[in-house]
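Residue 308 in the working numbering is what sits at position 11 of the sequence shown, and the numbering runs on without skipping anything.
Below you'll find the structure, written out as structure tokens, and then a few comments.
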Amino acid sequence: MAEASRWHRGGASKHKLHYRKEVEITTTLQELLLYFIFLINLCILTFGMVNPHMYYLNKVMSSLFLDTSVPGEERTNFKSIRSITDFWKFMEGPLLEGLYWDSWYNNQQLYNLKNSSRIYYENILLGVPRVRQLKVRNNTCKVYSSFQSLMSECYGKYTSANEDVSNFGLQINTEWRYSTSNSNSPWHWGFLGVYRNGGYIFTLSKSKSETKNKFIDLRLNSWITRGTRVIFIDFSLYNANVNLFCIIRLVAEFPATGGILTSWQFYSVKLLRYVSYYDYFIASCEITFCIFLFVFTTQEVKKIKEFKSAYFKSIWNWLELLLLLLLKSTEKYSDFYFLAYWHIYYNNIIAITIFFAWIKIFKFISFNKTMSQLSSTLSRCIKDIVGFAIMFFIIFFAYAQLGFLVFGSQVDDFSTFQNSIFAQFRIVLGDFNFAGIQQANPILGPIYFITFIFFVFFVLLNMFLAIINDTYSEVKADYSIGRRPDFELGKMIKQSYKNVLEKFRLKKAQKDEDKKRKGSEDLAEQARREGFDENEIQKAEQMKKWKERLEKKYYSMEIQDDYQPVTQEEFQELFLYAVELERELHYINLKLNQVVRKVSAL
Numbered sequence: 298m299a300e301a302s303r304w305h306r307g308g309a310s311k312h313k314l315h316y317r318k319e320v321e322i323t324t325t326l327q328e329l330l331l332y333f334i335f336l337i338n339l340c341i342l343t344f345g346m347v348n349p350h351m352y353y354l355n356k357v358m359s360s361l362f363l364d365t366s367v368p369g370e371e372r373t374n375f376k377s378i379r380s381i382t383d384f385w386k387f388m389e390g391p392l393l394e395g396l397y398w399d400s401w402y403n404n405q406q407l408y409n410l411k412n413s414s415r416i417y418y419e420n421i422l423l424g425v426p427r428v429r430q431l432k433v434r435n436n437t438c439k440v441y442s443s444f445q446s447l448m449s450e451c452y453g454k455y456t457s458a459n460e461d462v463s464n465f466g467l468q469i470n471t472e473w474r475y476s477t478s479n480s481n482s483p484w485h486w487g488f489l490g491v492y493r494n495g496g497y498i499f500t501l502s503k504s505k506s507e508t509k510n511k512f513i514d515l516r517l518n519s520w521i522t523r524g525t526r527v528i529f530i531d532f533s534l535y536n537a538n539v540n541l542f543c544i545i546r547l548v549a550e551f552p553a554t555g556g557i558l559t560s561w562q563f564y565s566v567k568l569l570r571y572v573s574y575y576d577y578f579i580a581s582c583e584i585t586f587c588i589f590l591f592v593f594t595t596q597e598v599k600k601i602k603e604f605k606s607a608y609f610k611s612i613w614n615w616l617e618l619l620l621l622l623l624l625k626s627t628e629k630y631s632d633f634y635f636l637a638y639w640h641i642y643y644n645n646i647i648a649i650t651i652f653f654a655w656i657k658i659f660k661f662i663s664f665n666k667t668m669s670q671l672s673s674t675l676s677r678c679i680k681d682i683v684g685f686a687i688m689f690f691i692i693f694f695a696y697a698q699l700g701f702l703v704f705g706s707q708v709d710d711f712s713t714f715q716n717s718i719f720a721q722f723r724i725v726l727g728d729f730n731f732a733g734i735q736q737a738n739p740i741l742g743p744i745y746f747i748t749f750i751f752f753v754f755f756v757l758l759n760m761f762l763a764i765i766n767d768t769y770s771e772v773k774a775d776y777s778i779g780r781r782p783d784f785e786l787g788k789m790i791k792q793s794y795k796n797v798l799e800k801f802r803l804k805k806a807q808k809d810e811d812k813k814r815k816g817s818e819d820l821a822e823q824a825r826r827e828g829f830d831e832n833e834i835q836k837a838e839q840m841k842k843w844k845e846r847l848e849k850k851y852y853s854m855e856i857q858d859d860y861q862p863v864t865q866e867e868f869q870e871l872f873l874y875a876v877e878l879e880r881e882l883h884y885i886n887l888k889l890n891q892v893v894r895k896v897s898a899l
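Written out as structure tokens, the structure is:
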């Protein structure tokens, strides 16, 4: 009785485990389907925000304002400006000609609008451009005592503490008076510093001739001084053909060493979101995205309440939280830079979000053996990789510091410590300037290069590959002997698919069963005619059924692909089956011996 109760409890526990697995399969499949719908919606939403015309608009505008040369001086354009004289030539030449398009190419009047500018005849200039200067005070640095007789003034590098806010020059208009910032635009991060808003500001006129006279007046009255550290030229365009705004900023930095460093920003953004039917389709995707965001947030809050601190032990839960955190007058200058900056920032956040959204698919890769091996390999060797990374970056940073100190004053790639780090990554990838290193230091240059290539490329990178390769071999060996994840979604999907097929083939299976039963009866009748007694026939039929049941259970194709641990009950059945096989073999052996003796007697 106790034995029967134990067998009953084992069967019930097995049935309960199977039911729990089926529930887990259903839940996972529903979650996977829902996540794929979310991912497709997110892809439509993000790619709907990107327009191929953005690149072409940036390209034509950069070509106009950066590559157009000063008349008579083909080598002087905005990119090649190196002196104050070059800067004023650009302002009075390419910039002026690029901003004011008031007639067609055959000198006919372009538009009826008064004083309008249509750059390339298609892009309307919004408002008027603005020019802004930031300066530093005198005596913001200290002259060495031996040179004070030669140089009494000293203008240091730009910082907010060194900034000059006093009026200068003619002191009559805004370009000579310091103006505080009244916008929320972020500070500008340049080559030589981070620059605040505000400064000495003036706006250009809608008249080309007035603007040119303004530039000449500023040049003659020395608007640019020794204390000047940066000049910003800001303006915005709108192209109605492609519904895009282009926000342009040209920057000229004046380092304390002298000369000029130029940089630029071209932001093509879609600020008018809903114009065409496709835009309204994107709006529906945005609404769907908000619904998904609410559902996923609710799910994660429930999980945190249910699992508490154990929730944060899973890397996939951290990824879920990361995804949820990531989803959160015409006569005046029109400041679109603030809108453009935050629009670009929003696009960047969406780009990072969709990247991690694709990475999260690895959570559902248990249905694929190869991908499961990959994830197992990475998770198993993570400790070895961390240890290797510490050793790698100690050597890597040591070489970066060496390159910065030895070549920093001569080679642009090593001019800063950050540049040295990225230059070494490029060396590993095969992109390097060996001639520049050798010219900067004929002795240490080749030594640095050869030893770096040997230790980092040939030794450390091969060690990294060896760690990955050895771990992958271990994982593959474990999979070959059956140590693989117990829950494989792919097998469950395949089983569900086979169950559906069996339902469609039910009648055919019934016919095959009837045919098989009829065949068994015919064999039994034939055995009776040949003289076998009834006990032997029944015993053979029982043995055949037992054999078919065990073969179906242990030798089916579904089980062959996976390792299944054998329970005590199953082992007992197999043992009894082996004993019966031994008896049958012994019986067959006796029969064969009898036949041999009869044949020998003949």
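Virtual Cβ for every residue (Gly too), placed ideally from N, Cα, C.
Item                                                                                                            : Value
Buried/exposed call for residue 503, threshold 16 Cβ in 10 Å                                                    : buried
Straight-line Cα distance separating residue 428 from residue 628                                               : Summary for residue 628: the model assigns pLDDT 47, below 50, so the residue's position carries little reliability, and this model does not support an answer.
Endpoints, the alpha helix (DSSP H) within which residue 723 is located                                         : 714 to 725
Three-pair Cβ contact test at 8 angstroms for the region 543 to 557 versus the region 518 to 533                : yes
Check whether residue 478 and residue 638 have beta carbons under 8 angstroms apart                             : no
Residue burial classification, residue 500 (beta-carbon count within 10 angstroms, cutoff 16)                   : buried
Status (buried if at least 16 other CB within 10 Å, exposed otherwise) for residue 684                          : exposed
Proximity of residue 354 and residue 541 at Cβ, strictly below 8 angstroms                                      : yes
contact_flag[the region 448 to 457, the region 559 to 573] where n(CB pairs < 8 angstroms) is 3 or more         : no
Three-state class that DSSP yields for residue 368 in the structure shown                                       : coil
Residue 883 burial status per 10 Å Cβ neighbour count (16 or more: buried)                                      : exposed
Between the CA atoms of residue 534 and residue 376 - distance to the nearest angstrom                          : 21 angstroms
Complete beta strand (DSSP E) runs within the region 543 to 602 (minimum length 3 residues, chain order)        : 558 to 566
Beta bridge counterpart(s) of residue 535 as assigned by DSSP                                                   : 421, 542
Residue 498 - containing alpha helix (DSSP H), residue span                                                     : No alpha helix (DSSP H) holds residue 498; the beta strand (DSSP E) holding it covers 497 to 500.
Per-residue DSSP class, three states only, for residue 627                                                      : Since pLDDT at residue 627 reaches only 44, below the 50 mark, its modelled position is unreliable, and the value read off the structure follows with that caveat. Coil, per DSSP.
Alpha-carbon spacing of residue 712 relative to residue 555, whole angstroms                                    : 17 angstroms
Segment contact, 8 angstroms Cβ cut-off, at least three pairs: the region 651 to 661 with the region 333 to 341 : yes
Residues bridged to residue 469 [DSSP beta-bridge criterion]                                                    : Partner(s): none; residue 469 has no beta bridge.
The region 686 to 700 / the region 736 to 749 touching (three or more Cβ pairs under 8 angstroms)               : yes
Three CB pairs or more closer than 8 angstroms across the region 433 to 443 and the region 510 to 526           : yes
Three-state class that DSSP yields for residue 394 in the structure shown                                       : helix
Three CB pairs or more closer than 8 angstroms across the region 752 to 766 and the region 704 to 718           : no
Below-8 angstroms beta-carbon distance, residue 653 vs any chain D residue                                      : Going by chain labels, chain D is absent from the structure shown, which holds only one protein chain.
Candidates 356, 343, 395, 340, of which the one nearest residue 365 by Cα                                       : 395
Short Cβ contact (8 angstroms threshold) for residue 497 with residue 473                                       : yes
Bounding residues of the alpha helix (DSSP H) (the contiguous stretch that carries residue 476)                 : Residue 476 -> no alpha helix (DSSP H), and no H or E assigned at all.
Cβ-based burial, residue 889 [other Cβ within 10 Å; buried from 16]                                             : exposed
C-beta contact flag for residue 460 and residue 491 at 8 angstroms                                              : no
Per-residue burial, residue 667 [other beta carbons within 10 Å of its own, 16 or more giving buried]           : exposed
Coil, strand or helix - residue 488 by DSSP                                                                     : coil
Cβ-based neighbour list, residue 773, same chain, cut-off 8 angstroms, excluding 5 preceding and 5 following    : 670
Under the three-state DSSP convention, the category residue 431 falls into                                      : strand
Of the residues 368, 678, 343, the one placed nearest residue 902, counting alpha carbons only                  : A question about residue 902 goes unanswered here, because the residues of the chain that appear run from 298 up to 899.
Straight-line Cα distance separating residue 586 from residue 677                                               : 35 angstroms
Beta carbon of residue 487 nearer than 8 angstroms to that of residue 520                                       : no
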